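These protein sequence lines are chains X and W, in that order. Start counting the first sequence at 1; every next residue gets the next number (our numbering). Start counting the second sequence at 799; every next residue gets the next number (our numbering). Note that the Cβ used here is the ideal one computed from N, Cα and C, for glycine as well. None of the values given here were measured: they were computed from a predicted structure.
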Amino acid sequence: MDDRISILRNSSLSTIPEICTERARLVTESYQNYSNEPVILKRARTLEKILLHMTIFIEDEQLIAGNLAGKLKATPIFPEFSVDWIEQEMDGFEKREGDRFLISPGTKEELRNLFPYWKGKTHYDRCEALLNEETKKAEKTGVIDNVWIRQGGDGHIIPDFKKVIDKGLLTIIKEAEEQLSRLDLTDPKDLGKVPFLQGVIIANNAVIRFAHRYAELARAKADKERDFQRRQELWDIANNCLSVPANPARNFYEAVQSLWFIHLVVQIEDNGHSIGLGRVDQFLYPYFQKDFANLLITREQAVELISCFIVKCYGLSKIRSWHCTQYDRGYPTYQNLTLGGQTSDGLEAVNELSYICLDAFVKTKLPQPAFSCRWHKKSPWEWRKRVVEVVSMGLGGPAILNDETVAFALIGKGMTIEDALDYGICGCAEPTVMGKSGGRYGGSYFNQLKALEIALYGGKDPRTGYVLCPQEKSLIDFTSYEEVEDAYKKQVNYFMKKYSIMENSVDFSFEELIPNPFLSSLTSDCIKRGKHIKQGGAVYDYTGNETSGTANLANSLAAVKKLVFEEKVISGKELLYAMETNFEDTTTNPTGEGIRQLVMNKAPKFGNDDDYVDRIAVKMLDYWASLMSSYKNTRYDRGPIGCHFHPSTTTVTGNIAFGKVIGATPDGRKSGEPFADSSAPFHGTEIKGITSAIKSVSKLPFKKISCGGLLNMRINPLEVKDETQIPRFEALIRSYFDLGGFQIQWNVVSTKTLREAQIHPEKYKDLVVKVAGYSALFVTLDRKTQDDIILRTEHVLK
Amino acid sequence: MKGIIFNIQRFAVHDGPGIRTLVFLKGCPLHCHWCCNPEGQKSEIELSYVINHCRLCGRCEAVCDQGAINIIEKRVLIRRDLCDLCGNCVENCLSGALKIVGKQVDVETVLDEVKRDEPFYRYSGGGLTVSGGEPTLQNNFLVELLKGAHQEGFNTAIETSGFCKWENIESILNIVDHFLFDVKHVSDEKHKMFTGVSNKIVLENLLRLIHKGVNVIVRVPLIPSFNCDEDDLRKIMSFLSEFLKKGSQIHLLPYHRFGLPKYDHIGDDNKMVLFEKINKSHIERATQIVNEFNFIANVGGS
Ligand code: SF4
Ligand code: SF4
């Protein structure tokens, strides 16, 4: 059994992702054929075309069937989203310093032939047309960025796996048919629903036929197979694919296969990443329990099957433009699997399958999917202990979530208590409800530190020279600290407006050009309302976000407040000049470097449990989060609950990309350097030990950060390897949660190991690290991201 | 009630149960050759200079009214005989290379800092550990501090060399949950040679403490060529086995040199004596001997 998983794992790990043109070709043909159809039907027909014609295969040893593109780990192309960047960059795909993709000359040739059709027709082109010059300029400053959603899909959702597994797609088709038959076609409102409901039927039938193709393939392979056991396995696969996802799953194995098909097809239909897997240990548990009780499956077999599933998830890959890759290093697909916590009626949810899934995580040691383990006040010690044990193994996970804070934040956003308690994670740390939340939990990036820089420069971006929101004063003539804060808020307000225009423009384009009939059919109440998600079909709907820079923002403001206005040891003019010259002018007194030392050493820093600066962090983040939550998305007033923006502190690797566009800042950070990641203190500034760092972070207003308050910490493995340290580690995390923490995840790896891995990547091929909310193989990351991870303060339990 | 401390370290996990806050009291009657906290030895505050952080800007030299600072050969030289510890240079050193080590504080201030980690004590069973220097040297301050912590409901521990009057120990008997008690050697001669004091009073205090039935954990620093030989360790263990219960924990604290640069920082002329580096076999052998005497060896402490 171990052999199977290691064979599958190794073959996936050793395969470099490759570009596959099949999907691009089929989509292009389909769009040409169905050019006169309503867009939703065109989308359904296109999905049908892909599913019926794409190459399918079943990997040797694999127990689960279903592939994304023509080869193992190959990545499909989604020309309907954008083609320009592919055309410009494809010659360099193989030469990238990180996130490389292979591409053959034939593939390039074929893509070049397909692209002319798409010119001017893509989602990207539409967004370009919708965004006005000023908004584009605002983006160029680097305060806001949403290129990734213009080039790619939105994703960030958990489809209703439970419904498919329990009831089958045929039930969904029936629901759509019934809904159709109930429509009064003389009512234009009802008439408008027809294409969507028809699309649902076409898409779901296509998925069933897709599964049947695998049944045939498995049967054909079985006929040729000589090994008795493998032949049996292929027969099982064939039977499974014949039965699910069309029908309700009859056993655990079928349930896992059904889950996989849905998870897969959603990512063929649309290229949005961050498709969450939901609370797998909950909706699969009845199947496991029944089979286990009837002696149809052993615990080991369950671990093996989940391991096969994990390897399948790991095999999904996605290519992004180089611009976007900088925000998303290490081939992430942001699949996330949630375990534990409590049930929607507040009872303990941890079960044997929760432990089985963790065992499979340990067995496979793969960076995708990410695992998120829920804890609550009454979580059993066994569960907490096991989670911490796994964390301490240094496999880049799992992340741990605090039910008390997460559910509170969701209730604050309008969710019912039952739904809030039933959250699962998608993306990095975004809590959502399976099958009910539409919208998208991932959104544009907001760079708080850049907004401050512009405010300090009097409204002018020193890099681009743009003055978008003019100010009367700059750091040279502010007369009080309050004026600094006010100027910052003014800039934030300005950019938030642009941000909302940008986000909603993108959503209008999605609605018009790229509705997803299949995904919508797996999200209630789309069928009932006869609307797809982007029209407001979902029960809940929020537009997420990724923000960054809180620690450096607070440190910078604290330095200005204390040194310029309170102690007056340096004037605003001197400080601004030092920033302009990147703390490098040696002719001033003190010298540029002297001023840098001053701001670094004589002003308090976030991460040391120092209320002076922590209060600033809290105040600023709270201001920004409240402001963000006040903006509406395009589904407002169209059905769903919510329909506002939804703040998070997840930076992904935006702290590196955004760092590049910010000059030197008053906290002593030099020009172009990365800033703090997510909710964490800035590296090297948290000098009082881990409890102080955790206390500072815990003060942040996480109950308002409903789209995820991620905290990345790094700890030396020597410190947790000893069994006696597990309870301490556990206590540390529990205390963070008592203090109101949202989520915490650990990199249990030493600086020494990481440095060694940089020198000898070949020896550390499977070293998994947490980058942001997701994990990646360390050696596949580019140097800058590697360095950023190394610089994150390594905590020791002294 | 005021005392002089030289550090508060939060999140300590090797000096008593759970997650702890360590408060270091300044001043120590011993001069152990391997001491890794030389700044804890003197009872008075001191000026410390960390050359690695210094940018040789000369600001300190310019502001010192006593003429105690000279920059010579790319480093700051402090005439400690002239320095009156006014702190001017520290204030003007932007890089944080100069610092005053040791600070007079009252019990409440220390307790406020200790309380900050209260949420972490709760689940881990941690609390306050008072260390040094030798904490009993500031006995009144120590008593008040421990009392205060106990009143807050925190677990308390003290790390002591045991070199003090019995009355000092007696005064804290009821307010200390764990005594982490150093036994460095049973040979008085060697003890004197390497720590500067006799071990008689230390061992006497240990015996009396154990008879009181309180929670004592013996800690043995493992110092090569001082007490790491089989013979030395056996002598220590055999001495302990006469009155320490079977199954008691013994913390073995392997010698390290991390404190070395600190001698330079505070201009301590009694430079640290460098012992041979400890290796795996030292530790394994020591563990084995501890186990032979039916104690439980815990390397590094916890
Ligand atoms: S002020 Fe500080 S940095 Fe400058 S020379 Fe003195 S010790 Fe060095
Ligand atoms: S503490 Fe005062 S006297 Fe001593 S070196 Fe510094 S400035 Fe001079």
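Cutoff 7 angstroms: residue i Cβ touching any chain W Cβ
i	result
Ser392(X)	no
Ala603(X)	no
Gly689(X)	yes
Leu598(X)	yes
Arg728(X)	yes
Asp609(X)	yes
Leu739(X)	yes
Gly709(X)	no
Gly668(X)	no
Ser692(X)	yes
Ala731(X)	yes
Ser735(X)	yes
Rounded Cβ spacing between residue i and residue j (contact assumed at less than 8 angstroms)
i	j	result
Cys800(X)	His53(X)	With chain X running from 1 to 798 in the structure shown, residue 800(X) is simply not present.
Tyr331(X)	Thr780(X)	6 angstroms
Ile595(X)	Glu574(X)	7 angstroms
Ala680(X)	Tyr612(X)	That belief does not hold up - the Cβ atoms of Ala680(X) and Tyr612(X) are roughly 19 angstroms apart, past 8 angstroms.
Ile956(W)	Val928(W)	5 angstroms
Arg1109(W)	Leu978(W)	This structure gives no information on residue 1109(W), because the portion of chain W shown stretches from 799 to 1100.
Ser698(X)	Gly654(X)	So it is not a contact: roughly 23 angstroms between Cβ atoms.
Val27(X)	Glu80(X)	6 angstroms
Minimum Cβ-Cβ distance from residue i to chain X less than 7 angstroms
i	result
Ile849(W)	no
Gly801(W)	no
Ile970(W)	no
Phe1093(W)	no
Leu892(W)	yes
Val821(W)	no
Val905(W)	no
Val861(W)	no
Asp915(W)	yes
C-alpha distance - residue i paired with residue j, whole-angstrom precision
i	j	result
Lys752(X)	Leu767(X)	13 angstroms
Cys241(X)	Pro248(X)	12 angstroms
Ile759(X)	Gln786(X)	12 angstroms
Cys428(X)	Gln745(X)	11 angstroms
Ser6(X)	Ser307(X)	10 angstroms
Pro369(X)	Asp782(X)	21 angstroms
Pro640(X)	Val266(X)	21 angstroms
Lys695(X)	Leu711(X)	12 angstroms
Gly98(X)	Cys20(X)	19 angstroms
Gln725(X)	Ile690(X)	15 angstroms
Gly346(X)	Thr338(X)	16 angstroms
Gln597(X)	Ala578(X)	12 angstroms
Ile275(X)	Asn747(X)	23 angstroms
Tyr736(X)	His989(W)	45 angstroms
Gly885(W)	Ile898(W)	7 angstroms
Val908(W)	Lys163(X)	58 angstroms
Range of the contiguous alpha helix (DSSP H) that encloses residue i
i	result
Ala657(X)	654–659
Arg873(W)	From DSSP, Arg873(W) is part of no alpha helix (DSSP H) but of the beta strand (DSSP E) over 873–876.
Gln179(X)	169–182
Leu820(W)	Segment 818–823 is the beta strand (DSSP E) holding Leu820(W); no alpha helix (DSSP H) there.
Residues bridged to residue i [DSSP beta-bridge criterion]
i	result
Met713(X)	Trp746(X)
Ala776(X)	Val769(X)
Leu102(X)	Glu18(X)
Arg440(X)	Thr543(X)
Gln1047(W)	Ile1094(W)
Arg231(X)	DSSP lists no partner for Arg231(X).
Arg1017(W)	Asp980(W), His1049(W)
Asn447(X)	Ser548(X)
Start-to-end residues for the beta strand (DSSP E) that takes in residue i
i	result
Lys800(W)	800–810
Asp980(W)	976–980
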